[in-house]
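So the structure is just underneath, and the comments pick up after that.
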């Protein structure tokens, strides 16, 4: 259905096609040398994307697009809009490349975030209040249908997207942190902690800067997601040390789900770990 539309896609001025052309340029720059990029571009512009993929092995990997979901609340029209817009860009990219280049769309749930406040209009508000600051996948489900509030909302997300026929792959932050899928990149974040902080701190207010760390450790005592300064780092051991309000000075590994990242570093980490091309 999306084949033989390359000439139209190259000239279309609507937003999805503009984004698709930018995405194509980004992927070519990311995966190829200058000379290879020029050669691949000539083939793609001539409607020979299949030949470009056959010629350059680095182009054979799928182009990966991502949308994010915060499961502290139920899916809503904003959730639909984000997935719909990304799907439009995905389809425009498919048209631009003659539907020869495989693509994937990941719907990523930030379900390891701590519950910061009790959402309005939910049952068992007092129970939720008791679970404040726990990761969403450890907060009890106020509806009583799933293992956690995060699991409930993730299920609602998938049912919501499925009802509209979206083609996507669901991924969970909790599962990726705990399984070790993010470990290699988390160790790089630890190694480059100072450089990342130098980027982040100027974007924060004075009060926030005083306690900010790229790492949010999970308290071994309470299970809470803590927003506390990092006092020490051991790059060789892969650990950070902090003051736990419930347990005093504490050292944990940055791997295996013992920490998560603040949202901006988390976003960059995820792009690296999952090889995301567009969000």
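Residue numbers (our numbering): 8 to 286. Ideal Cβ positions, reconstructed from N, Cα and C, are used throughout, including at glycine.
Residue range of the unbroken alpha helix (DSSP H) whose run includes residue 201: 200-207
Can you list the alpha helix (DSSP H) stretches of 4 or more residues lying completely in the segment 28-67, in chain order? 41-52, 56-62
Smallest Cα separation from residue 257: which of 161, 237, 186, 79? That would be 237, whose Cα lies nearest to the Cα of residue 257.
Measure the CB-CB distance between residue 78 and residue 117 and report whether it falls below 9 Å. Between residue 78 and residue 117, the CB-CB gap stays under 9 Å.
Mapping the DSSP letters down to three states, classify residue 112 as helix, strand or coil. For residue 112, the three-state secondary structure derived from DSSP is strand.
In chain order, what residues of the same chain lie with their CB nearer than 8 Å to the CB of residue 125, ignoring the 5 residues before and after it? 132, 135, 136, 139
Can you look up residue 186 in the DSSP assignment and give me helix, strand or coil? helix
Return helix, strand or coil for residue 23, following the three-state DSSP convention. helix
Return helix, strand or coil for residue 123, following the three-state DSSP convention. Looking at residue 123 - three-state DSSP - the assignment turns out to be coil, as it is neither helix nor strand.
State the Cα-Cα distance for the pair residue 143 and residue 277, rounded to the nearest angstrom. 19 Å
By Cβ distance, which residues of its chain are closer than 7 Å to residue 173, with the 5 residues on each side in sequence left out? The residues are 90, 94.
Is residue 273 helix, strand or coil by DSSP? helix
Do the segment 176-188 and the segment 242-251 meet, that is, are 3 or more Cβ pairs less than 8 Å apart? no
If we require 3 or more residues per run, which beta strand (DSSP E) segments fall completely within the segment 64-103? Runs of beta strand (DSSP E) with 3 or more residues, each lying fully within the segment 64-103, are found at 70-76, listed in chain order.
Selection from 75, 245, 208 that minimises the alpha carbon distance to residue 164: 75
Over the uninterrupted beta strand (DSSP E) stretch that includes residue 255, give me the two end residues. 255-260
Just to confirm my understanding: we take residue 212, look at its own chain, exclude 5 residues before and 5 after, and list those with CB closer than 8 Å. What are they? none
Distance between residue 103 and residue 37 (C-alpha atoms, nearest Å): Those two C-alpha atoms are separated by around 18 Å.
Under 9 Å, do residue 100 and residue 73 count as touching if we go by C-beta distance? no
Where does residue 193 fall in DSSP's three states? helix
CB contact flag (residue 119, residue 264, <9 Å): Contact flag set, yes.
Residue 286, DSSP secondary structure in three states: coil
For residue 282, the nearest candidate out of 110, 11, 50, 86 (CA to CA): 110
Just grab the DSSP bridge partners of residue 249 for me. 257
Take residue 187 and list the residues in its own chain whose beta-carbon comes closer than 7 Å to its own, dropping the five residues that flank it on each side. Counting only Cβ-Cβ distances below 7 Å, and skipping sequence neighbours, we find 262, 263.
Could you spell out where the beta strand (DSSP E) holding residue 241 opens and where it closes? 239-241
Inter-residue Cα distance where the pair is residue 268 and residue 129: 28 Å
Residues of its chain near residue 192, where Cβ-Cβ distance is below 8 Å and the 5 sequence neighbours each way are ignored: 276, 279, 280
What span of residues does the alpha helix (DSSP H) with residue 226 cover, start to end? Here residue 226 belongs to no alpha helix (DSSP H), and DSSP marks it neither H nor E.
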